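The sequence shown begins at 5 in this note's numbering and counts up one residue at a time. All C-beta atoms in this analysis are idealised placements derived from N, C-alpha and C, irrespective of residue type, glycine included. Values in this document were obtained by computation on a predicted structure and should not be read as measured data. Take a look at the structure set out below.
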Amino acid sequence: MQNVFVSSHPLVAHKLTKLRNVDTNPKKFRELVREIAALMTYEATQDLSTHPYEVITPMGETTGVQLKDKIGLVPILRAGLGMVEGVWGLMPNAEVWHIGLYRDEDTLQPVEYYNKLPVAPTVQVCLVLDPMLATGGSAVATVDILKRWGVNRIKFIGLLGAPEGVENLHKHHPEVPIHLASIDSHLNEIGYIVPGLGDAGDRQFGTG
Ligand code: PRP
Ligand code: URA
């Protein structure tokens, strides 16, 4: 499928395996989410635009580059929060705009509960952060929100996807690149990714 990128980096695979492990405690889980998010973002941002500028080094002058576009990190609450620190470490000037969505347990449809985006967009590129792309409902709804806000350059960065979620996001927003550490086998009857890692929010926040 076009515009779907699954990391083949051994460090990502190594850390993802630890993340999946049922014995990984919340502290370690948060550490791994942060680290994998940074590695995924390094891969996902290879095509960001830059413009040149002059710098003076201790030895002379040279032309370097800086990022051209204002970037917005958009974690989907709650589980996306754990990815922010890892990504923000790479691009400390990014703005962070939280979107609150939870899945209705019966319908699996996303329900919006937090959105404080200002009227006019303040960034040109948005990186949507959510570890789990299950049915894809939350990701589709978030990209809808960002497009209505006026941002059209959007990337999705996640950790695990189900084939159903990848297909759903791609069908609704084919121009949005989807970056994942793994696409797993399937969704179970209650919408969880198998083999997956369980509930990413609960495992980070110790609420399971
Ligand atoms: C999880 C996850 C995604 C969503 C994915 O959030 O973090 O946002 O489910 O499922 P979907 O692709 O089927 O929409 P959840 O609703 O459990 O809320 P939480 O992060 O607050 O725990
Ligand atoms: N949300 C999660 O946290 N885990 C899943 O497997 C699916 C949705």
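The alpha-carbon separation between Thr-111 and Asp-134 amounts to approximately 20 Å.
In this structure, Cys-130 sits near Ile-158, with a CB-CB distance shorter than 8 Å.
Taken atom to atom, the span from the alpha-carbon of Gly-93 to that of Ile-161 is near 15 Å. The alpha-carbon of Asp-206 is positioned some 15 Å away from that of Glu-35.
Per DSSP, the beta bridge partners of Gln-70 are His-55. Every unbroken stretch of the alpha helix (DSSP H) spanning 4 or more residues and falling wholly within the region 129-185 is given here in chain order: 141-153 and 167-176.
If you look at Val-115, you'll find it in the beta strand (DSSP E) that goes 114-119. Assigned with DSSP and collapsed to three states, Thr-45 falls in helix. Take the alpha-carbon of Ala-204 and the one of Asn-29: they are about 12 Å apart. Restricting attention to Asn-192, Gln-6 and Leu-23, the CA atom closest to the CA of Ala-185 is found in Leu-23. In the displayed model, Ile-194 falls within coil according to three-state DSSP, outside both helix and strand.
With at least 16 other beta carbons inside 10 angstroms of its own, Val-144 counts as buried.
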